[in-house]
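The structure appears below as C-alpha cells.
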Amino acid sequence: MGRQASAIEQGGAGGRWPGAAAEPGRVVVVGEDLAREVAGPLGACWPGVRVCAVHHFLFVLGEVGRGHAGPGRDANGDAGGPVAAVICRPTALDGLLESGTRGLRRLAPTARLIVVADEHEQAQAAAALRAGMDAVVGRPVDGDALARALGRGPVAPAAQASPHPSDAIDPASALEPPASPGAGVDDAELGDVDLVDAMLAGGQLEATAMRLLRARSGLVGVALAAVNDEIAHGRDAAEVRHRERLFGILHAPSPAAHLCEWAAWLGRWMALQQQVRQLETMAMRDELTGVWNRRYFSRFLDRLLERAARDRSQVTLLVFDIDNFKHYNDRYGHPAGDEILRETARLMQSFVRSHDVVARIGGDEFAVIFWDAEAKRRPDSHHPESVRQAARRFQQAVRAHRFPKLLNEAAGTLTISGGLASFPWDGRTPQELMEKADEMAMQSKQAGKNAISFGPGAGE
Amino acid sequence: MASERPTRCVVLVGGEEPVPTLLVDALRRRGTALEVVRDVVGVMLDLAMRGPAAAVIVVEPGRVAHLQELGEAVRRYYRQTGLWTYRGGQTGLERLEAAQPKPGTGTAAGDIWACGAVAAGAPAADRAGDEEPVISPAEMEMLLGAGPRGRDQSATG
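Keeping their order, the protein sequence lines are chains L and G.
In case it helps, my numbering puts the first sequence at residues 25 to 484.
In case it helps, my numbering puts the second sequence at residues 34 to 190.
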C-alpha cells in the first residue's frame, strides 16, 4: 500500500499527486521555502491535498481568482479549482494586510487563512488575526497545530466531503466546552452507548471507537490511517468502508486477526456518523445559499444571549433585506432572483469573521450575528466600530456588485436596507433584539432604502 | 443579434490621488467600460470577479505600492490583459513592460519592471493646452483591439 504525502505545484503549474482522491482541496502557500516546510505536516493531516507554491501574496489572489469560473483565468493549463486554505508568513502581508485579507475573504469566503510566524513575530501575527486571518501557527510547523488551524481532525476521510466547506466550523461549538464522551470510562467498559454519545457530541466518534476497538479486539498497535496515508511494511491493513464510501485504513502489526471484521464494524459506525452529519447539515443550512437557516439562527441566538448575559460579552444583530427584490425576481426571473440571494449571502460571508453567523431567515431576508468570543463588556462599552464598518462596507459592496443575470442595465442598482441592534442596550432577549433590528431596518426602508440604521446601543 | 460588450479597463489610482478626469473622459468617450480601484489588491479582485480586462492602467505608477508584484501577477494570471501607466500632464499612455535584465548588469528586482513608451503621438509639450484626446489613436487602438500587442506593432500602427 505505497502512498505518498502530498505534492507541491509551482504557481499552479505543477503536477498532482497520483492516486489522490478527486479534488480533495487546494492550499496556496506564499513562498517556496514555506511550501516545503508545510508540505509534510499538510500531507499528514490532509491526505491528497494539492499544495500550490506562489511567489508573493498577489499571486494568491490570482490563484483564488482561478476558482471563479470563467474563461481565460488559467495561464498554465491547470484546472485550478477552489482554494481551501492560504498559508503565508507575516512578511508576505507587508503593506497588504488589510486590503489583502479583505480581498481574500471576498474571493474565498470559506478558505482558511493561516499565518506561520516565528516567536519574535507575535506582533505581526496578532495584527494578522485582527485583520481577519483565521489562525496563527508557530514555527517549526507542527502537524497537529496545522490541522487545528485548518479545522481538520487527525483523520480526514475524503468521503466526508461536504457541499459547504464551512460546515466543519459550527459556531455553536464555541459556545460550550468541548464534550469528552467516555472520558471517565475505562476502555474495557466502553460500549455502544459511548459511541452514540460521541457521535452526538460531534466529531469524536473515531477516537472513542478506536479506544473500544483496541480494548475489545486485543490487537496491539492497531491504528486508523487516512485513505491516502502510507502504511509501513510489516503491517496488515484493511479498508474501513461502508458500501462505496471509504473512510480510512485500519492497520496493525502482522498477523492481525479479524482485522477485516473490525474494519467493517468501524466502517458502519463511521457511515452512521456521516449520515447524521449530513442530516444535521440539511436541517440547519439554507439549501439555496449555503448559509445557516432560520432554525439554526434562532437556536444559536438563544444560546448566545444566555452566554452573553452570563459572561458580559458583546452581541450585535444585523437584519437586512434586498430592496425591491420582488421587482428583480419578476423582471429577470427566478434564476436571477436566486443568483441575487446566493451572491448576497456570499458577499456577506466575505465581510464577517468566520465565527459570525450569517443566516437566511426569510425569502430575501438575512441576519448576521456578530459576536465576540473573548472580549467582555465594560461599563463604558458600546457596539464595536468594526461591526458598523463591516455592515456599511457590505452595504456598499452589494451596491457595487455586478449580478450577471441582471444584465448591464441593472448593474450597480441593487441595494439593501437593514438595521443593527446590540445586546444588551437594544434588547436582552432574542425576541427584543430581533424586534429592534427589524424596527431599525424598517426605518431604513422608510428613509428611502439603501441604508443601515443603528439602534441606540449600536448608534454612534 | 448578440450584444457587443464594451472593452473593459481597470484604472488603478493609488491612495488618495485624484482620478484623472482627462484620462477617464477620453476612455469613456470611446465607449470603454471603466472600473476605478485604489490599490493593487483591488486590481486583482476586479479581474477575478469581473473577468479579464483589456487593460490595467496604473495612474502615477511611482506612487503605487507593490507595482512590480502586480505586474507579475497580471502577466501570470491574465495574459490577455495589457499593463499601462499614465502620468498627469502626459498625453499618452506608456506600456508597462517586463524588461529583461541585461547580462552582467545585475539589475535589481525592483528595476525589472520598467515603463516603455509606445505612444505614436507628438511629444507631450506639443500637445499641452490643445484639445486633442489625452490618449493617442495608436494607444486607443491598442486598448480597443482584440488584445494587447507588442511594442513594435503599436509603434508602427
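Ideal Cβ positions, reconstructed from N, Cα and C, are used throughout, including at glycine.
Because the structure is a prediction, the values reported are computed rather than measured.
Inter-stretch contact (C-beta, 8 Å, three-pair minimum) for the region 268–283 of chain L and the region 250–257 of chain L = Judged by Cβ distances under 8 Å, the region 268–283 of chain L makes contact with the region 250–257 of chain L, as three or more pairs qualify.
Within chain L, the residues that G:ALA98 reaches when beta carbons sit closer than 7 Å | GLY119
Would you kindly check if the distance between the Cβ of L:PHE324 and the Cβ of L:ILE440 is under 8 Å?
-> no
Taking just the CA atoms, how far does L:ALA424 sit from L:ALA415?
-> 14 Å
Measure from the alpha carbon of L:VAL264 to the alpha carbon of each residue in L:GLY314, L:GLY245, L:ALA233 and L:ASP211, then state which is nearest.
-> L:ALA233
Please classify L:ASP388: is it buried, with 16 or more other beta-carbons within 10 angstroms of its beta-carbon, or exposed?
-> By the neighbour-count definition (other C-beta atoms within 10 Å, threshold 16), L:ASP388 is a buried residue.
Quick one: what does DSSP say G:TYR111 is sitting in, helix, strand or coil?
-> coil
Check whether the Cβ of L:PHE271 lies closer than 7 Å to any heavy atom of the ligand COA, and answer yes or no.
-> Among the ligands in the structure shown, none appear at all, so the ligand COA cannot be discussed.
DSSP three-state call for G:LEU45: helix, strand or coil?
-> DSSP places G:LEU45 in strand when its eight states are reduced to three.
Taking one C-beta from the region 96–115 of chain G and one from the region 70–88 of chain G each time, how about it: are there three or more such pairs within less than 8 Å?
-> Yes, the region 96–115 of chain G touches the region 70–88 of chain G.
Proximal chain L residues relative to G:VAL43, where beta-carbon distance stays under 7 Å | None at all; the shortest Cβ gap to chain L is about 13 Å.
Expressed to the nearest angstrom, what Euclidean distance is found between the alpha-carbon atoms of G:LEU55 and G:ALA66?
-> 15 Å
Decide yes or no for the touch test of the region 333–341 of chain L against the region 444–453 of chain L: beta carbon pairs closer than 8 Å, at least 3 of them.
-> yes
Under 7 Å between beta-carbons, which chain G residues line up against L:GLY86? List them in chain order, please.
-> MET77, ALA106, ARG109 and TYR110
May I have the straight-line CA-CA distance separating L:VAL485 from L:VAL161, to the nearest angstrom?
-> Coverage of chain L is limited to positions 25 through 484, which leaves residue 485 of chain L absent and any answer about it impossible.
Please confirm if the region 63–73 of chain L is in contact with the region 138–157 of chain L, defined as three or more CB-CB distances below 8 Å between the two stretches.
-> No contact exists between the region 63–73 of chain L and the region 138–157 of chain L.
Is G:ASP72 helix, strand or coil when you go by DSSP?
-> coil
Neighbourhood of L:GLY177 by C-beta distance below 6 Å, restricted to the same chain and skipping five residues each side | Model confidence at L:GLY177 stands at a pLDDT of 43, short of 50, so the residue's coordinates are unreliable and nothing is read from them.
Among L:VAL140, L:ARG240, L:LEU430 and L:ARG327, the one whose alpha carbon lies nearest that of L:GLU285 | Nearest of L:VAL140, L:ARG240, L:LEU430 and L:ARG327 to L:GLU285, Cα basis: L:ARG240.
Relative to the C-alpha of G:ALA120, which residue among G:GLU130, G:VAL43, G:PRO53 and G:GLY48 is closest?
-> According to the sequence as given, residue 120 of chain G is Arg; it is not Ala. Cα-wise, what sits closest to G:ARG120 is G:PRO53.
For the region 61–95 of chain G, enumerate the residues whose C-beta is nearer than 8 Å to any C-beta of chain L, in chain order.
-> Correct list: ASP72, VAL73, VAL74, GLY75, MET77, LEU78, LEU80, ALA81, MET82, ARG83, GLY84 and PRO85.
is_contact[L:SER374, chain G] using C-beta, thresh 8 Å | no
Sort L:LEU243, L:ARG259 and L:THR313 by Cα distance to L:ALA281 and report the nearest one.
-> L:LEU243
For L:PRO277, name the three-state secondary structure that DSSP assigns.
-> It is a strand residue.
How long is the line joining the alpha carbons of G:MET77 and L:HIS80, rounded to whole angstroms?
-> 13 Å
Residues in its own chain within less than 8 Å of L:MET466 by CB, not counting five upstream and five downstream?
-> GLY443
Nearest residue (CA-CA) to L:ASP450, options L:MET464, L:THR437 and L:LEU438 = Considering only alpha carbons, the answer is L:MET464.
Where do the N-terminal and C-terminal ends of the beta strand (DSSP E) with G:ILE90 fall, by residue?
-> 88–92
Please list the residues of the region 120–132 of chain L that have a C-beta atom closer than 7 Å to any C-beta atom in chain G, keeping them in chain order.
-> Of all residues in the region 120–132 of chain L, only LEU120, SER123, GLY124, GLY127, ARG130 and LEU131 come within less than 7 Å of chain G when Cβ atoms are compared, listed by chain position.
Is any beta-carbon of chain L found at less than 8 Å from that of G:GLU29?
-> Any question about residue 29 of chain G goes unanswered here, given that chain G covers just 34 to 190.
Is G:GLY48 closer than 8 Å to G:ARG71 when the C-beta atoms are compared?
-> yes
Limits of the alpha helix (DSSP H) - the one that L:ASP450 falls within = Here L:ASP450 belongs to no alpha helix (DSSP H), and DSSP marks it neither H nor E.
What residues are listed by DSSP as bridge partners for L:LEU137?
-> L:VAL110
Go through the region 300–351 of chain L residue by residue and report every complete run of the alpha helix (DSSP H) that reaches 4 residues or more, in order.
-> 318–335
Please go through the same chain and pick out, in chain order, the residues whose beta-carbon is closer than 6 Å to the beta-carbon of L:ILE536, but skip the five residues on each side of it.
-> Residue 536 of chain L is absent from the structure shown; chain L starts at 25 and stops at 484.
Report the three-state DSSP secondary structure of L:ALA132 (helix, strand or coil).
-> coil
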